[in-house]
Each structure stands twice: as C-alpha cells, then as structure tokens.
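Remarks on the structure that follows.
If you want it as structure tokens, here you go:
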C-alpha cells in the first residue's frame, strides 16, 4: 500500500468517525415535539424535483416553528431520511420512524412516492400508521372504510382525466362537441401511467370522443414512433402523462412531427419548470394540469419570503426556485400536515399527537375557504374536507397552466371534478379489495 | 408502406444515437478487456461540465475544448488511482472497480455542478424535413453525420497511426505488447481520454434532446443490447448493432406493442440480444476468443 493510499484511507476513516460521533452527540431530544419524518430523494434521477419540493416543506415548517412558535405551541421536529426514490430504502425509512424518534411522536408519514405508498399499504394497516400522499396516492384508498390508514389527499389521476376532458370540452364549446374528437393519452408505461386508462374509457363512452392510448417505456428518452402514431391517428389533443425525462422529450418530439404544443396537456407530474424548460422553444404554449399552482403572489409565499427566504433561513440554495411548482407543492403539503395537527389539537388538546390521533385528525380535516384565506393560501389550494368515507377530499380541483417560454401562466380558475362520476366504480373496487384481503369495512361515523 | 418506412427510418436514426453511446464502451473494452460500467457517468459528467461552462458564458468551441481537457484529466486520474493499482487483476475485479467509479463520478458531478435540469441548445434545428416522401428529423441527420465522422476518425486513428497500432497490439496480447516496449499505462490513459471525448459527443447529442440531467447516465442501458449484438470489441459492430436495435424496437413497438397492450421496446432489444448470444456469442463483428485447454 503506497503512502498516498494509506494517508487517504486514514483521512477517510477519521472523517467517518467524526461524522458518527457528531451525529450521536447532537441527536436532538424530541420529547414534547411532533415528528415530521421527511422522506427525501436528494440523490438519484428525481433529485431535481425533490430539492425545491423539500425546501417548500422545510421552509413552511421552519416558519411555523420559528415565527408562530409551533402548531398551537407544539414544535415540529423534522428528521430527514434519504430514499433516493427507491422503495426498499423508503421502507427502511418507514421502519425507522414509524414509532417516533427520541421522544417525538409520529402522527402520520408522507412517503413522497406513489410506489412506496402502495408498498406500505399492508404494513401501515398492521402498524396503524396513517400514510399520506397528497396528489400521488391510490385512488381506491379514497374509500377510508376499507383503507383506514391511506390518505390520497387533494388529487388523483381519475379526477385528473375528468378535468382534462372538461377543459377540452370548454375549448371545443361544450360537451356535445367532444363527439368525434380524438384524444390521445401518451402515458409512462407504469402503474402510475396506466391509471388513467380506465377512467378515460368511461369518459369516452359517456361523451363520444375517440380514446387513443399509447404507452412509452421508461424512462422515455426515445418517442419518435409514439408521436408518429399520434400524427397518423390525427389526434386533436394529447394528454401527456409523463415523469422525469419523458416530458421534455415528448414536447420536443411533438414539435418535430408538427404537433402543436398548445394541444398537449401535461399531467401534474409533467407540469413543472424542469419539465418544460429543457424542451426550449418547442415548449412555448404547452399546457399542464396544476394542483400546485406556481407563483409568489400568494399571502403565504410573501410571508415565507419575508420571514424565511430574505432572512437566509430557507432550505433553498438557489432562490430562483422560490415559487416554482415543486416549491409550492412542498408548501401545500406542509400546510396539510400542520392543519391536520390543528384539527387533532382541537379534539385531543395542544400536545403531540399519536398515530391513532393523527388518523382521526386526517379523517376530520376541513380546510374551507375561510381557513384558506386565514392561511394566506387563496388561489394556492382549493378547499379540502375529508371523512371516513372520503380520504381524498370532497372537492377535487385543478387549474390549467401554460408555459410562456420562461414561466407558467395560469389559464383557468379551479376546474372541479365531478366526484359522483366515478364514486360507484371506486367503491366497487374497494369492496373487491376488502373481499380479497379479508378486510371488514368500517362503518362511517362522520 | 410509407408509415412502415418512416418508422423504420426513425428507428435507424435512434439506433445511431445508441451507437454513439456504445462506441465509448467498445474503445475501453478493446484496449483493456474491461466493460466500463462508468461510461454513463462519464457521459453525464461531460455533458454537465459543458453545459455549466456554456451557462457561465463560455463560447461553444472553447467550452468543447475545455470539457475535452477535463475528460483527459479525468482519464489520467482514473488510470492513476483506479486502474494502475489493479493492473494484471481479473477483468471482473476491474469491472467492479468501474462500477464503483460510476457512483463516484455521478456523485462528484452533482456535488460540483448541482442537480438542476439544464437546457442544451446546440443550434441544430430539431424539425422534420421531407426526404423521398418520408419525414426525417434534421437533428437526426446531423447526429448521424456526427457519428459517422467520429467512426471514420477513430478508424483512421486506430489503423493508420502509431498510437492506434500500439492500442491494437495491447488489445491483441497485453503481455506481448508490453514486452516490445509498449507502455500499458500510457495506452490506458489515451483510450480513456478518447472514450471521455466520445462520451462528451454522445452527452451533447442526447442532452440536447432530453435536457442535461442525471438520467443521461441511464442511456447506457440502451447501449448494452447494441454491444451484445454488434460485439464488444468492434466499432463498426457498435454502429451495426445500434441500427439493428433501433430499427427492430421501433417496428416492434408499432406492430407488436398493440398485441400485448403495452410498450415492448424496452425488453425487445434484450430478447434480440439474447437470441444473438445463442447464435453468435461474440456478436456480429466481435472477436471470437479461442482458448487452449
């Protein structure tokens, strides 16, 4: 072994020892605090999405702790756990924090991955830990009688399909004008991507448009043949259900085959700045569904700027990400966490909540228009009211945004999905799941 | 028929893009018998360095030269820190070392240049032009010309220059080459440098289409079946393999995909590769290894 190699090995060992010692001696006492296990993916291919998203989360919770003195006086202890967006590491993080940390209690866990949400379904039922996935949960788990511990809050892909069709009907001049239109869905060939096949089939029968489904294999770095199919089919609109690199490649390939960007509507995971910007000029006019509207002109964003960003306390390294789609998504998610705690405090008192109390709080959330105004989140979030019967929220809504070459412009107000349209199908699916798993559905009491 | 032709042609062009990535692997395999698992990470590192320099206002040509020099420096470091201590070890050991190296390069690239997604505009219009009644992307045509130029340059370098002949000697018999005075470390540095510059070219072409981001390193997955089909030690093989993979996966997606209600291109190329392994284990143009027993 050369002298250099020896020196480097010793230096590495010393660095590791210092890191271990420092983490051991500075582990924070969490007694009297509420744990927020923050599942991160700061590494890996999806890190560009997480960094502003995580910062939005952390900045809002930092504001609550440092400016408001905690949630009703209860401080939140944020503990990061890196999953690299992999399910196995996500499960490790879940196991590490499901029972709290150093005295801080766990009321709920946000896995930050649709795949992990699914993977935790059985474990969470056994451990009785609420799993919350705003915008990325399982639609079937809307039925809280069968899924007591899953919370697909705020949004789901079936409602998204409905909102897309509603928007196209608006543009066409009415639902009767949908007849004969061709709507192609270009989807990421995964469970997430395939989730809109069924609702679009139902909607196509209802309104008479032609439903064309085209899969794109992961990761989606080549899509020439798919777009040739779209051009050949003479599609009028494309619903782009991408993820990661698939979106900019789709937009660029569409331009190459001459399909107009303003006839492509991306889904919520195809509608961030990092989805549109890499496509360059080809993305001008590109549309997307937004449940997490971008922008800084919201009361809560102005407050965060003054109290966190401008004081150098933000988790953002690059302040230009402030107010982007993913940053605001993080803020919205943190709001749902904090508001659930407030709901629980009203019933159980101002103290850290247990998982069982967290479950109750999540089933009794009611963020109405008045509360949204108090939060300074008007236009940023739509009302959210949950119950045992409905773990998603009674009103599901999204806006349509359009890329102007530099940033997103909001094109519509909230478009509300008609919850009754798929309610029976979802209930039937949940009932079938309950039968298969031998689950006795709860009786709704709220 | 024109739809079939259009699909075929677009698949062939996609295949050229795969070949660009595969050539980097071939170069290193030819010189050292090592499958360089870090080629994707090198591609990401090169493209990220280039786009970072461009964003800092450096002119295109200068950014290309500086990035090439960075890749040469990286090759020298790899040879010194990773390859030299493992000289004369089993190829599997070297493969594992390159596997670890890929994580180091990816992590270092992100630590140094961040995780952002960057737009890369090479100034090549990505629009369709009509050639003989079918639509072909102008970008694809230029990318193919770049690939052909690269292959021609490499072929001339390896066949007509002293360095190329030394490299072929090392590839043919390392010990015999060393016994006549060819210095293995020098050859490795040169080959890794050239592979780094090839990675830069591939990274620019791919990055221009999908944005420069972490997932660029995953395009190497597309190169694997290309290498199996074309042969690990042949540059023309990488081109032929790329064309074959590109064309068949495009046609399979259109004509077989609907029969199975899903996309088949991801695994179809591997099915093809497994088929080739059964018939021609060394690939179309690869060197068949004959061992005395």
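Chains as they are written, first to last, in my numbering: chain A, 7 to 452; chain B, 1246 to 1538.
Where is the CB? At the ideal position from N, CA and C, for every residue including glycine.
- At the C-beta level, residue 1474 (chain B) and residue 1518 (chain B) come within 8 angstroms of one another.
- Distance from the CA atom of residue 243 (chain A) to the CA atom of residue 191 (chain A), rounded to whole angstroms, is 8 angstroms.
- Among the residues of chain A, those whose CB is under 9 angstroms from the CB of residue 1360 (chain B) are 48, 49, 53, 54, 56, 57, following chain order.
- Chain-order list of chain A residues neighbouring residue 1531 (chain B): empty, with the shortest C-beta distance near 25 angstroms, by a criterion of under 7 angstroms.
- Chain B places no beta carbon closer than 8 angstroms to that of residue 130 (chain A), leaving this residue out of the contacts.
- Under the Cβ distance rule, residue 224 (chain A) counts among the residues neighbouring chain B, one pair being separated by less than 8 angstroms.
- The count of Cβ pairs closer than 8 angstroms, one atom from the region 380-400 of chain A and one from the region 149-162 of chain A, reaches three, so the stretches are in contact.
- Boundaries of the beta strand (DSSP E) harbouring residue 189 (chain A): 188-194, taken from the DSSP string.
- In summary, the residues of the region 1458-1469 of chain B whose CB is separated from some CB of chain A by less than 7 angstroms are 1458, 1459, 1460, 1463, 1464, in the order they occur in the chain.
- Secondary structure remark: continuous beta strand (DSSP E) runs of at least 3 residues inside the region 142-205 of chain A, in chain order: 188-194.
- Between residue 1436 (chain B) and residue 1328 (chain B), the gap from beta carbon to beta carbon reaches 8 angstroms or more.
- Of all alpha-carbon atoms in A:197, A:128, A:200, A:120, the one lying nearest the alpha-carbon of residue 143 (chain A) is that of A:120.
- Chain A has no Cβ within less than 8 angstroms of the Cβ of residue 1311 (chain B).
- Sequence-distant Cβ neighbours of residue 297 (chain A) in its own chain, meaning closer than 7 angstroms and more than five residues away, are 141, 160, 161, 274, 404.
- Membership of residue 1434 (chain B) in the alpha helix (DSSP H) is indicated by the continuous run 1429-1455.
- Taking 8 angstroms as the cut-off, the beta carbon of residue 1338 (chain B) is found no closer than this to the beta carbon of residue 1312 (chain B).
- Within the same chain, 1495, 1496, 1499 come within 7 angstroms of residue 1252 (chain B) by CB-CB distance, once the 5 residues on both sides are set aside.
- Annotation: residue 1267 (chain B) to residue 1394 (chain B) spans about 15 angstroms, alpha carbon to alpha carbon.
- Residue contact check for residue 183 (chain A) against chain B: no CB pair falls below 8 angstroms.
- If you check each beta-carbon in the region 235-258 of chain A against every beta-carbon of chain B, the ones closer than 8 angstroms belong to 235, 238, 250, 251, 254, 255, 258.
- In the structure shown, residue 333 (chain A) falls within a helical segment according to DSSP collapsed to helix, strand and coil.
- Shown in chain order are the members of the region 203-223 of chain A whose Cβ falls below 8 angstroms from a Cβ of chain B: 221, 222, 223.
- Here DSSP, grouped into helix, strand and coil, assigns residue 1320 (chain B) to helix.
- Interface annotation, residue 1454 (chain B): in contact with chain A, CB-CB separation under 8 angstroms.
- In this structure, A:232 is the residue among A:232, A:61, A:284, A:319 with its C-alpha nearest to the C-alpha of residue 263 (chain A).
- Comparing C-alpha distances from residue 314 (chain A) to each of A:362, A:66, A:342 shows the shortest one belongs to A:66.
- Comparing alpha carbon positions, the residue from B:1373, B:1484, B:1461 closest to residue 265 (chain A) is B:1373.
- Against residue 1446 (chain B), chain A offers no close residue; the least beta-carbon distance is about 17 angstroms (beta-carbon pairs closer than 7 angstroms).
- In the assembly as shown, residue 237 (chain A) is a buried residue. Its beta-carbon has 16 or more other beta-carbons within 10 Å.
- In this chain, the alpha helix (DSSP H) harbouring residue 1264 (chain B) covers 1247-1277.
- A straight-line Cα-Cα distance of about 24 angstroms links residue 1521 (chain B) and residue 1507 (chain B).
- By the neighbour-count definition (other C-beta atoms within 10 Å, threshold 16), residue 227 (chain A) is a buried residue.
- Looking at the DSSP output, residue 247 (chain A) sits in a beta bridge with A:193.
- Interface with chain A (8 angstroms Cβ-Cβ cutoff): residue 1372 (chain B) is included.
- Of all residues in the region 332-343 of chain A, none places a beta-carbon less than 8 angstroms from a beta-carbon of chain B.
- Counting only the Cα atoms, residue 427 (chain A) lies some 13 angstroms from residue 204 (chain A).
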